[in-house]
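Numbering (our numbering), first residue to last: 163 to 311. Idealized CB from N, CA, C, for every residue including glycine. Quantities reported herein were computed from a predicted structural model and do not represent experimental measurements. Only one structure is covered here, and it is reproduced in the block below.
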Amino acid sequence: MCANGTPVTKVCCDCLKNVAGERRYKDPQGRYRCHPCYEKLVESGQVIMPLRPNTLCADCTTKITPDETFFHSGDTVCGHCFNLRTFTDHHPTMPCDTCKKLFAPSQLVRTKAKTTVCKTCLEAARRRQAERVRQMRQMSYYGPAARYS
């Protein structure tokens with residue numbers, strides 16, 4: 163969906179088939195092609211360099227476009243994970259984004275917010291979130307006046 167609430171249509175520019183949710187290719191002009199139409203272009207020689215479809219990062223599984231794709235040790239990764247991998251190639255430790263202490267890369271976790279935190283900070287954040295949820299449930303069950311009585 164677009165910001166104004168209208169659905170995004172992804173249509174093959176050759177056969178006019180809706181390619182949303184299917185394997186598709188996007189050319190530099192922003193036009194979509196379904197896989198069969200793209201294969202016809204490749205066979206006819208009109209496409210010199212094959213386009214890569216949108217893929218998932220091997221480390222964090224976020225969707226990445228061909229412009230954001232990096233290759234490291236045979237894997238396709240996003241820019242953030244590429245930086246992490248190349249950093250860990252040269253440095254035995256990495257800092258936690260929350261507490262700033264140095265840890266081995268195996269002791270760090272990448273969050274949905276794309277921050278790299280140690281397992282201790284992650285557990286502390288989970289406990290704080292669980293406490294907030296517990297307080298909200300208690301407040302909705304007893305009402306806001308129950309907190310002050």
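Please report the straight-line C-alpha distance between residue 217 and residue 300, rounded to a whole angstrom. As a working mapping, residue 217 is identified with position 55 in the sequence shown. As a working mapping, residue 300 is identified with position 138 in the sequence shown. Their backbone Cα atoms lie some 43 Å apart in a straight line.
Rounded separation between residue 179 and residue 229 - CA only: Translated into positions along the sequence shown, residue 179 becomes position 17. Translated into positions along the sequence shown, residue 229 becomes position 67. Rounded to whole angstroms, residue 179 to residue 229 spans 25 Å at the Cα level.
Take residue 275 as the anchor and find which of 287, 200, 227 and 282 has the nearest alpha-carbon. Locating residue 275 in the sequence shown gives position 113, where the first residue counts as 1. Per the Cα distances, 287.
Count the other C-beta atoms from every protein chain shown that fall within 10 angstroms of the C-beta of residue 270, then say buried if there are 16 or more, exposed otherwise. For the purposes of this step, residue 270 is taken as residue 108 along the sequence shown, with counting starting at 1. Buried, because 16 or more other Cβ atoms sit within 10 Å of the Cβ of residue 270.
Under the three-state reduction of DSSP, which class applies to residue 178: helix, strand or coil? Walking along the sequence shown from the start, residue 178 turns up at place 16. Three-state DSSP puts residue 178 in coil, outside helix and strand.
Start-to-end residues for the alpha helix (DSSP H) that takes in residue 202: Walking along the sequence shown from the start, residue 202 turns up at place 40. From DSSP, the alpha helix (DSSP H) with residue 202 extends over 197-206.
Going by DSSP in three states, residue 257 sits in which element: helix, strand or coil? Here residue 257 is taken as the residue at index 95 of the sequence shown, counted from 1. Residue state, collapsed to three classes: strand.
Status (buried if at least 16 other CB within 10 Å, exposed otherwise) for residue 264: Locating residue 264 in the sequence shown gives position 102, counting from the first residue. Answer is exposed; the Cβ neighbour count stays below 16.
Mapping the DSSP letters down to three states, classify residue 282 as helix, strand or coil. Residue numbering aside, residue 282 sits at position 120 when the sequence shown is read from its first letter. Three-state result, residue 282: helix.
Taking the C-alpha atoms as reference points, what is the distance between residue 285 and residue 273? As a first step, residue 285 is located in the sequence shown; it is residue number 123 there, counting from the start. As a first step, residue 273 is located in the sequence shown; it is residue number 111 there, counting from the start. Taking the straight line from one Cα to the other gives about 12 Å.
Please check the pair residue 196 and residue 184, which I expect to be a contact at CB under 8 Å, by giving their CB distance rounded to whole angstroms. Here residue 196 corresponds to residue number 34 of the sequence shown, with the count starting at 1. Here residue 184 corresponds to residue number 22 of the sequence shown, with the count starting at 1. Confirmed, Cβ separation roughly 7 Å.
Distance check for residue 281 and residue 257, CA to CA, integer angstroms please. On the sequence shown, residue 257 is found 95 positions in, with the first residue counted as 1. On the sequence shown, residue 281 is found 119 positions in, with the first residue counted as 1. Near 12 Å, if we compare the C-alpha coordinates of residue 281 and residue 257.
Looking at the secondary structure, which residues open and close the beta strand (DSSP E) in which residue 188 lies? One-based indexing of the sequence shown puts residue 188 at position 26. Looking at the DSSP string, the run of the beta strand (DSSP E) that includes residue 188 is 186-188.
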